[in-house]
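Worksheet: the structure to be examined is printed underneath.
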Amino acid sequence: MAYLSAEFLPGPHLANNLVCLELYDEVKKALKQLAVDLDELLDQEEEPGLGNGGLGRLASCFLDSLATLSINAFGYGIRYEFGIFDQELSNGWQVEITDKWLRFGNPWEIAKPE
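Quick note: the sequence shown, position 86, residue 91 per this note's numbering, numbers continuous.
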């Protein structure tokens, strides 16, 4: 099965993957032994805002459901260089700046440039 969507709004990946792999508590304990707080680590993950509204969330939830049911599927979408946008205040004005969500790479991505 293949699912094509113009956007996906997956949210942060690490915590979700730890939960899905049933490793969350084990990893939290292991990191605590190394004096690393898992919650602080998870707060460092960039939110890949690759869509807004219901369509992006629906696409992500649909693929998550397929994986939970062990249904083989691929999700195809547009690989945005930038996410939606971030907002800042500058000299009393709201300005939009690019959301550089890929500035540190994406370890969950399977690149297929061809």
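Quick reminder that beta carbons are idealized off the backbone N, C-alpha and C, glycines included.
Between the beta-carbon of E50 and that of L19 there is about 6 Å, and that keeps the pair under the 8 Å contact cut. Burial state of E114 is exposed, judged by a 10 Å Cβ sphere holding fewer than 16 other Cβ atoms.
Closest in C-alpha terms to L23, from the list A7, L68, L47, L9, comes L47. Collapsing the DSSP output to three states places E86 in coil. About 5 Å separates the Cβ atoms of Y81 and L9, confirming a contact at the 8 Å cut-off. Take the alpha-carbon of S70 and the one of E12: they are about 17 Å apart. In the DSSP annotation of this structure, E45 is not part of any beta strand (DSSP E); the continuous alpha helix (DSSP H) holding it starts and ends at 43 to 47.
The region 75 to 92 makes no contact with the region 31 to 41, as fewer than three CB pairs between them are under 8 Å. Membership of A116 in any beta strand (DSSP E) is not indicated, and neither H nor E is assigned to it by DSSP. Per DSSP, reduced to three states, the secondary structure at E31 is helical. For F79, the enclosing beta strand (DSSP E) stretches over residues 79 to 81. Short of 7 Å from the beta carbon of D104, and not among the five residues preceding or following it, lie these beta carbons of its own chain, in chain order: G54, F87, G88, I89, F90, D91.
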